[in-house]
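Report on the following structure.
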Ligand SMILES: Cc1cc2nc3c(=O)[nH]c(=O)nc-3n(C[C@H](O)[C@H](O)[C@H](O)COP(=O)(O)OP(=O)(O)OC[C@H]3O[C@@H](n4cnc5c(N)ncnc54)[C@H](O)[C@@H]3O)c2cc1C
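Chains as they are written, first to last, in this note's numbering: chain A, 1 to 251; chain B, 1001 to 1449.
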């Protein structure tokens, strides 16, 4: 059987870039999808030169859902062109403006939901039948600890991720029947541009470690995982604070 | 872009800098960053494998290049590679050794970046054969202090090219480097080790090796005195025609030093024991072994963060080069000064260098280069000053990648092309937007014209 292909959605982010490199290191082909064509092209040559696998770049904008049919068509074509290996999906996009920016401009709330949630549902829902038909493969999607509880600091983004978590539960339920695994990974603090220079961060994990973990979870067919794992404890505590108390906190 | 306040050190950890650091993940972001305002200058920082203050800018800004590490293009026919400057030698080996290519030359650690290799015009154990890293560079993309991006090569803006090779980061941020990888028949080297009983014997052995061997390097027992002074092990090596069965091009395993060792862990007694053991490890008749090339090139990389064995105060590394004709007298004086000071040094490295580099401030010259570590103890700065003075007396120079203590006058005498370098910098960076602790300490920019 020939090598699997990983479709990386939102391939410019630090975690996605690390994921593409790790997957290629394991011999998988990759399709990089995202908006910044220039950056994706650079990322693609990097993966190709380092690991000698097949790499393609496809334009993808989560917010423009009426392009998603064509996008999925193109991806399927590329993936079959690479060989008979299964198509896998790594979903890494999302839009997280400052909550204060959203409060000043409610249109930003709409965009956040489109890019983080509605766009994800749109593309995954179009990919689902293909995965069902192939009868194997993995979906790994980056959720967020922000989706575990609405907080004053980023509840619009958090609500979009919460929606995504629920959607992924259902998708897991559905695709399980055809042998496709769906893994939700909720990263804690990862060392990316997003967290660079944020005061008071502790135990920041590298994007490479996160990417490796995602591949590991996929291979095991894990359902929901926090990365690093200790975030499960933190989030269990945060989720268990009663609402009358939680509303007074500013964590 | 966010600036993060952090403390950076050189590899020797004797110098620290509080800096505002940014870490762009894409080249266009790096270009934009350089257009900002900086009161105390900005400087590129690779992976901090320089020992002293070359990559530091205390109280100023620093641009970390570690995430600018994409490979841009590769031509398997002639080995020409274009990569971003944050790519490491480790990356190069991982990607290309399985395909029969290697970097043309490499420093003694694989955790240096290509940008750092250009900025210090680094040399390896094959300098007599192939020159230093800068000799293999076909062109560079550079972001000037003004924020403008330019391509420089031996034919395009050759003066700026010469200032950038070995220019310790002062001409701007190197974005891309184009250079040629070397084809190799295997991922292994045949290493020959021989005992050298004293300094004269060692120098003769090295003189012969530079003409005949692909790689050569000497390890000297820095504590040996009297007739045994300068004794040690000479290693010469050639690329093996094939890999021995069962040794793939696998990356070597790595261990880490988990904590700083206490200062007393290294003392003249323990170091002496270690050095003696090292000498006796090789049988009197010598021996020949086939080793994975990385194990040969990077013996120290097997232990991560090995600089921590020197404890919190850190250590200095001294490296100089003296011209062939002066080497016998100079090396004798240097080794005497070292053993008199009982400063306690692990193995010293003695090698030959083949000739001058292409950069205004390139370190190499045809001669003998001596490198050794000193735990930072009281009085060791005096010893370093003494070693620099001996070097100057004999027409040699001290390596900026290692240095933390040289003074402006000594530096200016060691680097005769400093005037040309200053001229280029005055034209591309009149406002002195690029600065480092090294450039201020050695007054590299000179008085304002
Ligand atoms: C164990 C060990 C062994 C070594 N052996 C050797 C050896 O055999 N031969 C040898 O020559 N050296 C040797 N070195 C020194 C080392 O190779 C150099 O100091 C090298 O420059 C370190 O690279 P770096 O990426 O860590 O750069 P840094 O130390 O971070 O920076 C070095 C200089 O390069 C500049 N710089 C870095 N990146 C850029 C960029 N993108 N654009 C512009 N300027 C930049 C910095 O401003 C600074 O001036 C050794 C060091 C160690 C720790």
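Even glycine gets a Cβ: it sits at the ideal position worked out from N, Cα and C. Predicted, not measured: the structure shown is a model, and the values here were computed from it.
A distance below 8 Å separates the beta carbons of residue 1105 of chain B and residue 1130 of chain B.
Distance between residue 231 of chain A and residue 186 of chain A, taken at the CA atoms: about 9 Å. Assigned with DSSP and collapsed to three states, residue 1447 of chain B falls in coil, not helix or strand. Not flagged as an interface residue toward chain B: residue 100 of chain A, since no C-beta distance is shorter than 8 Å. Contact annotation: residue 57 of chain A and residue 21 of chain A have beta-carbon atoms that are not nearer than 8 Å.
Residue 1202 of chain B is a Cβ neighbour of residue 1350 of chain B, given a cutoff of 8 Å. Secondary structure in the region 1147–1233 of chain B: the alpha helix (DSSP H) runs of 4 residues or longer, each lying completely within the stretch, are 1158–1164, 1199–1212 in chain order.
Minimum Cα-Cα distance from residue 1212 of chain B among the listed residues B:1245, B:1167, B:1128 corresponds to B:1128.
The C-beta distance from residue 1020 of chain B to residue 1005 of chain B rounds to 6 Å, short enough to fall under 8 Å. Out of B:1423, B:1057, B:1024, the CA that lies nearest to the CA of residue 1010 of chain B is found in B:1057. Under the criterion of beta carbons closer than 8 Å, residue 1138 of chain B and residue 1172 of chain B do not qualify as touching, at roughly 18 Å. Per DSSP, the beta-bridge partners of residue 138 of chain A are A:181. The beta carbon of residue 68 of chain A lies closer than 7 Å to those of 122, 123, 126 in the same chain, with the five residues before and after it left out. Separation of residue 1215 of chain B and residue 1444 of chain B (C-alpha to C-alpha, rounded to the nearest whole angstrom) is 33 Å.
Neighbourhood of residue 1139 of chain B in chain A, by CB distance below 8 Å: empty, with the nearest CB roughly 17 Å away. Taken in chain order, the complete beta strand (DSSP E) segments of 3 or more residues contained in the region 1357–1414 of chain B are 1367–1375. When DSSP states are grouped into helix, strand and coil, residue 249 of chain A belongs to the coil group. Around residue 165 of chain A, no beta-carbon contact reaches into chain B at under 7 Å, the shortest distance being about 27 Å. Pairing residue 1184 of chain B with residue 1101 of chain B gives a Cβ-Cβ distance under 8 Å. Following the DSSP letters along the chain, one finds residue 39 of chain A inside the alpha helix (DSSP H) bounded by residues 37–51. The beta-carbon separation of residue 1287 of chain B and residue 1193 of chain B, rounded to 6 Å, stays under the 8 Å limit for a contact.
The beta carbon of residue 194 of chain A sits closer than 8 Å to those of 96, all from its chain and outside the five residues before and after it, given in chain order.
Residue 31 of chain A: member of the beta strand (DSSP E) spanning 29–34, first to last residue. Residue pairing by DSSP places residue 190 of chain A opposite A:205 in a beta bridge. Taking 7 Å as the Cβ-Cβ cut-off, the region 1006–1037 of chain B approaches chain A at 1023, 1025, 1026, given in chain order. Boundaries of the alpha helix (DSSP H) around residue 1089 of chain B: 1089–1096. Not flagged as an interface residue toward chain A: residue 1332 of chain B, since no C-beta distance is shorter than 8 Å. The residue from B:1220, B:1223, B:1377, B:1334 with its alpha-carbon nearest to that of residue 1312 of chain B is B:1377. About 7 Å separates the Cβ atoms of residue 32 of chain A and residue 55 of chain A, confirming a contact at the 8 Å cut-off. Burial state of residue 1186 of chain B is buried, judged by a 10 Å Cβ sphere holding 16 or more other Cβ atoms. With a threshold of 16 other beta carbon atoms within 10 Å, residue 1389 of chain B falls short and is exposed. The closest CA to that of residue 1119 of chain B, considering only B:1098, B:1141, B:1015, is found on B:1141. Residues of the region 1092–1117 of chain B whose Cβ lies closer than 8 Å to any Cβ of chain A, in chain order: 1094, 1095, 1099. DSSP places residue 114 of chain A outside any beta strand (DSSP E), giving it a letter other than H or E. Against chain A, the CB of residue 1089 of chain B has no partner CB under 8 Å away; the residue lies outside that interface. In this structure, residue 160 of chain A places its C-beta atom within 8 Å of the C-beta atom of residue 112 of chain A.
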